Amino acid sequence: MGDFLVWVVWFLAAAGCLGSGLAVVTFRNPFFSALALIGNLGSLAVLFLLASAEFVAAAQVLVYAGAVMVMFLFVIAYLGDRGVVESPFSGGPSWLAWSAIVAATALLVEVVVVIGLTAGDGLADEATVERAFGSPAEIGRLFLTDHLLAFEITSIVLLVAAVGGVVLGSRTLEEEEGAARAGA
Amino acid sequence: MQGPDIAWYLVVAAFLFSIGAAGVLLRRSPLIVLLSLEIMLNAANLALISFARLHGDHDGQVFALAVMAVAASEVVVGLGLIVAVARRHIDLDVDRLRVLRG
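Chains D and A supply the protein sequences, listed in that same order. Just so you know, we're using the working numbering here: the first sequence kicks off at 57 and counts up by one. Just so you know, we're using the working numbering here: the second sequence kicks off at 89 and counts up by one.
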């Protein structure tokens, strides 16, 4: 019974994941695309939980569906109508759109074939893990022991990105002068 | 492990990755290109976490968290670029941003 329930939850999460992913790509308005991406990230978090990655699932909801998507929605609101430029198949010759779809399908086939060829039978017998697998305590211990360097480099990357965001978002000198001239 | 095999997770990750790739190739709004990139990164995260479960090893999950941090940085810089482009009154269309084209 428990197994059946896990299958049902897994199937719902996977269907929600793929459906909202398609919605992100096909919606014309970026605002709705961003909302669909929140659904996508939420159902991915369910899949993470089922693969016993509890801490990553929590971080996914907090960092991604929370912080990153709020930033997206703010920028989309700032741009207003200017963000809405096209529908998936507008502009450009349609053979471009079709070749994009063919390329994506080719990627899918390649990935599936490679997984099937290299991993094949090894995927059925996964390791047995204890209950603490993927818990915050385990991940935190790893971040402060084995992966300390990666942890510190991540903080530097985030700092650089924050500084870059401020620099890109602030007005340049000529824009300041243009604004001052317009005001005068 | 209850529920589906790791192979099922990997198939979902592959589908998600190609949906994101299709979005990056199809769409011309830089906002939606960024959103599709997020889908691709998350598909890779799903594969990492499935393999972590398969091997019973935490390293994949640690890697997924690092990918998450890099994705957040990428969104900050990408959105900063989009805002800078919009402030110069240039159309938000990746086909028209061709100043750097060789």
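Here a beta-carbon is modelled for each residue, glycine too, at the ideal position from N, C-alpha and C. The structure displayed is predicted, hence computed values, not measured ones.
If you measure between the beta carbons of residue 168 of chain D and residue 110 of chain A, is that distance less than 8 angstroms? No, they are not a contact pair.
List the residues of chain D whose Cβ lies closer than 8 angstroms to the Cβ of residue 66 of chain A, in chain order. Nothing about residue 66 of chain A can be reported from this structure: the residues present for chain A run from 89 to 190 only.
Just by C-beta distance, which residues in the region 151–169 of chain A are closer than 9 angstroms to chain D? Across the region 151–169 of chain A, CB contacts with chain D closer than 9 angstroms involve 151, 152, 153, 154, 156, 157, 158, 159, 160, 161, 162, 163, 164, 165, 167, 168, 169, in sequence order along the chain.
If residue 191 of chain A sits next to residue 94 of chain A, beta carbons under 8 angstroms apart, how far is it from one beta carbon to the other, in whole angstroms? The requested residue 191 of chain A is not part of the displayed model; chain A covers only 89 to 190.
Rounded to the nearest angstrom, what separates residue 171 of chain A and residue 156 of chain D at their Cα positions? Cα-Cα distance, rounded: 27 angstroms.
Below 8 angstroms on the Cβ atoms is my contact criterion, and I expect residue 140 of chain A with residue 146 of chain A to pass it. Report the Cβ-Cβ distance as a whole number of Å. Confirmed, Cβ separation roughly 6 angstroms.
Can you name the residues of chain A whose CB is closer than 7 angstroms to the CB of residue 59 of chain D? Within chain A, the residues near residue 59 of chain D are 90, 91.
Residue 165 of chain A lies in the alpha helix (DSSP H); which residues open and close that run? In the DSSP annotation of this structure, the continuous segment of the alpha helix (DSSP H) that includes residue 165 of chain A starts and ends at 147–175.
Should residue 111 of chain D be labelled buried (16 or more other beta-carbon atoms within 10 Å of its own) or exposed? Buried.
Start and end residues, alpha helix (DSSP H) containing residue 59 of chain D: Per DSSP, residue 59 of chain D belongs to the alpha helix (DSSP H) from 58–82.
Alpha carbon to alpha carbon, how far is residue 109 of chain D from residue 137 of chain A? The straight-line gap separating the alpha-carbon atoms of residue 109 of chain D and residue 137 of chain A is approximately 7 angstroms.
Any alpha helix (DSSP H) of 4 or more consecutive residues that is wholly inside the region 92–148 of chain D: Segments of the alpha helix (DSSP H) lying fully in the region 92–148 of chain D: 110–115, 125–135.
Taking only three categories from DSSP, how would you classify residue 180 of chain D? Reduced to three states, the DSSP call for residue 180 of chain D is coil.
Kindly indicate if chain A contains any beta-carbon less than 8 angstroms away from that of residue 118 of chain D. For residue 118 of chain D, the answer is no, since every Cβ of chain A falls outside 8 angstroms of its Cβ.
When DSSP labels each residue in this structure, what does residue 89 of chain D get in the three-state scheme? It is helical.
What do you get for residue 192 of chain D, buried or exposed, if any count of 16 or more other CB atoms within 10 angstroms of its CB means buried? Exposed, because fewer than 16 other Cβ atoms sit within 10 Å of the Cβ of residue 192 of chain D.
Sub-8 angstroms separation of residue 124 of chain D and residue 152 of chain A beta-carbons: Taking 8 angstroms as the cut-off, the beta carbon of residue 124 of chain D is found no closer than this to the beta carbon of residue 152 of chain A.
Thinking residue 120 of chain A and residue 107 of chain A are a contact (beta carbons under 8 angstroms), I'd like their distance in whole angstroms, please. For a cut-off of 8 angstroms, the C-beta gap from residue 120 of chain A to residue 107 of chain A is around 12 angstroms, too long to register as a contact.
For residue 184 of chain A, which residues of its own chain have a beta-carbon under 8 angstroms away from its beta-carbon, when the five flanking residues on both sides are left out? For residue 184 of chain A, where only same-chain residues beyond five positions count, the Cβ hits under 8 angstroms are 178.
With distance defined between alpha-carbon atoms, name the residue in D/172, D/186, D/136 nearest to residue 180 of chain D. Closest option to residue 180 of chain D, Cα to Cα, is D/172.
Whole-number beta carbon distance between residue 134 of chain A and residue 101 of chain A, since they are thought to touch under 8 angstroms: Between residue 134 of chain A and residue 101 of chain A the Cβ distance is about 4 angstroms, and since that is below 8 angstroms, they are a contact.
Along the region 100–132 of chain D, where does the CB come closer than 8 angstroms to a CB of chain A? Name the residues. Residues of the region 100–132 of chain D with a C-beta atom less than 8 angstroms from some C-beta of chain A are 100, 103, 104, 106, 107, 108, 109, 111, 112, 115, 116, 119, 120, 123, 124, 127, 128, 131, 132, listed in chain order.
Residues of its chain near residue 174 of chain D, where Cβ-Cβ distance is below 6 angstroms and the 5 sequence neighbours each way are ignored: There are no such residues.
In this structure, does DSSP put residue 189 of chain D in helix, strand or coil? The answer is coil: DSSP assigns residue 189 of chain D none of H, G, I, E or B.
Just to check my reading of the structure: residue 83 of chain D and residue 89 of chain D have Cβ atoms closer than 8 angstroms, yes? What is that Cβ distance to the nearest angstrom? About 5 angstroms; that satisfies the 8 angstroms criterion.
Taking the C-alpha atoms as reference points, what is the distance between residue 96 of chain A and residue 205 of chain D? Residue 96 of chain A and residue 205 of chain D: Cα-Cα distance of roughly 33 angstroms.
Looking only at C-alpha atoms, which of D/170, D/187, D/138 sits nearest to residue 107 of chain D? That would be D/187, whose Cα lies nearest to the Cα of residue 107 of chain D.
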